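To start, the structure itself, in structure tokens.
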Amino acid sequence: MITVTTIECLRKQTGQARKNGQRIALVPTMGNLHAGHMSLVETARQHADFTVVSIFVNPLQFGPNEDLDSYPRTLADDQARLTAAGCALLFTPGEALMYPHGMENHCLVHVPDVSEGLCGGSRPGHFDGVATVVTKLLNMVQPDVAVFGEKDYQQLAVIRKMLADLNSPVKIVSAPIVRDSDGLALSSRNGYLDAAQRKKAPALHACLQQSVTRIQSGRRDYDILLQQAASELAAAGLHPDYLELREAGSLKPATADSTRLVILAAALLGNTRLIDNIEFAVQP
Ligand code: PAF
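Its first residue numbered 4, the sequence shown is counted upward by one per residue in our numbering.
The following block contains the structure:
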């Protein structure tokens with residue numbers, strides 16, 4: 004695997020791959036790769052012949068009091084994992100390449116509606132930062148396919164809408180959440196948890212799963228059900244940021260007639276913000 008840090012070197016490699024008739028996939032990441040990321044790489048390899056992974060901890064998507072400085076940076080380990088996984092090219096642009104004139108003066112990609120509420124409500128500007136950096140990475144790499152994880156469900160919806168609205172030819176493929184054996188969704192932020200917090204963390208998934216079971220057994224009093232779930236989460240030692248039921252894909256508010264739903268939550272454990280979701284079907 005080759006690691007490149009400039010657009011010229013990147014384009015040289017992707018240009019050669021294209022000349023060889025290879026389909027190119029991009030997996031955008033912020034590094035500190037775990038099994039969840041590696042499943043994205045695996046998915047990319049199933050959809051393309053030449054897999055590019057980018058690692059860039061994007062300051063534009065972090066709020067002023069968020070974990071930009073402490074976000075784990077583990078390049079050597081990431082390179083080893085990607086090499087073993089058959090990734091062809093790693094692109095690790097620096098901040099000066101991504102935002103040469105600073106972030107304040109950079110144009111922003113704003114995706115209305117779907118980026119509002121949920122994580123967008125708690126993290127103002129977050130999805131503008133994500134949409135902007137993903138647009139830049141797609142323009143730099145010009146892949147046929149880009150792969151994103153379903154753990155960041157709202158992010159995936161934002162990116163799908165952005166590319167549809169802008170008539171992008173890039174095909175988006177999503178990959179399912181990878182979980183630890185106790186149900187906790189893998190995330191680089193799990194590394195912030197101490198042993199006691201780590202023990203409590205699976206309650207987030209358990210709580211979502213229990214709500215899904217209740218709905219699939221016939222409950223339709225969604226407001227009361229969500230309040231109950233939030234209280235159960237709090238009783239398990241997590242501080243719910245949001246816990247909501249939406250229509251799958253569109254993220255429109257769920258109604259009693261919706262047949263494909265997604266339950267999404269964010270919760271704080273100490274200073275660590277965890278997110279999770281489950282998409283599921285209901286009988287009308
Ligand atoms: O999901 C992530 O790791 C990031 O939000 C992404 C898509 C790489 C953009 O910085």
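For every residue, glycine included, the Cβ atom is placed at its ideal position computed from N, Cα and C. These numbers were taken from a predicted model, which means no experiment stands behind them.
Please tell me whether, using a cut-off of 8 Å, the distance from the CB of residue i to the nearest non-hydrogen atom of the ligand PAF is below it.
i      : result
Val136 : yes
Asn142 : no
Val133 : yes
Pro31  : yes
Ser125 : no
Asp279 : no
Gln213 : no
Phe151 : yes
Asp155 : yes
Asn61  : yes
Ser57  : yes
Gln64  : yes
Gln158 : yes
Around the C-beta of residue i, are 16 or more other C-beta atoms found within 10 angstroms, so that it is buried, or is it exposed?
i      : result
Glu142 : Per the sequence shown, residue 142 should be read as Asn rather than Glu. Its Cβ having fewer than 16 others within 10 Å, Asn142 is exposed.
Arg249 : buried
Gln64  : buried
Ile227 : exposed
Lys15  : exposed
Pro96  : buried
Ala160 : buried
Ala88  : buried
Excluding the 5 residues flanking residue i on each side, which residues of the same chain have their C-beta closer than 6 Å to its C-beta?
i      : result
Lys174 : Val148
Asp52  : Gln25, Arg26
Ala232 : Cys210, Ser214, Leu246
Counting only the same chain and skipping the five closest in sequence on each side, list residues whose C-beta sits under 7 Å from that of residue i.
i      : result
Leu189 : His37, Ala38, Gly39, Val181, Arg182, Asp183
Would you check if the distance between the CB atom of residue i and the CB atom of residue j is smaller than 9 Å?
i      : j      : result
Val150 : Val176 : yes
Ser73  : Val30  : no
Asn193 : Thr77  : no
Leu241 : Ala206 : yes
Gly34  : Val55  : no
Asp260 : Pro287 : yes
Can you tell me which of the options puts its alpha carbon nearest to the alpha carbon of residue i?
i      : options                        : result
Ala47  : Phe283, Lys154, Pro146, Ile58  : Pro146
Lys154 : Val55, Gln200, Leu246, Ala178  : Ala178
Asp185 : Gln212, Val114, Ile10, Phe130  : Gln212
Ser125 : Phe283, Leu277, Thr32, Glu282  : Leu277
Pro256 : Leu111, Val112, Gln200, Leu121 : Leu121
Met106 : Ser118, Asp131, Glu119         : Asp131
Ser3   : Lys139, Gln157, Gly152         : Coverage of the chain is limited to positions 4 through 287, which leaves residue 3 absent and any answer about it impossible.
Identify, in the order they occur along the chain, each residue of the same chain with its Cβ nearer than 8 Å to the Cβ of residue i, setting aside the five sequence neighbours on each side.
i      : result
Asp197 : Gly273
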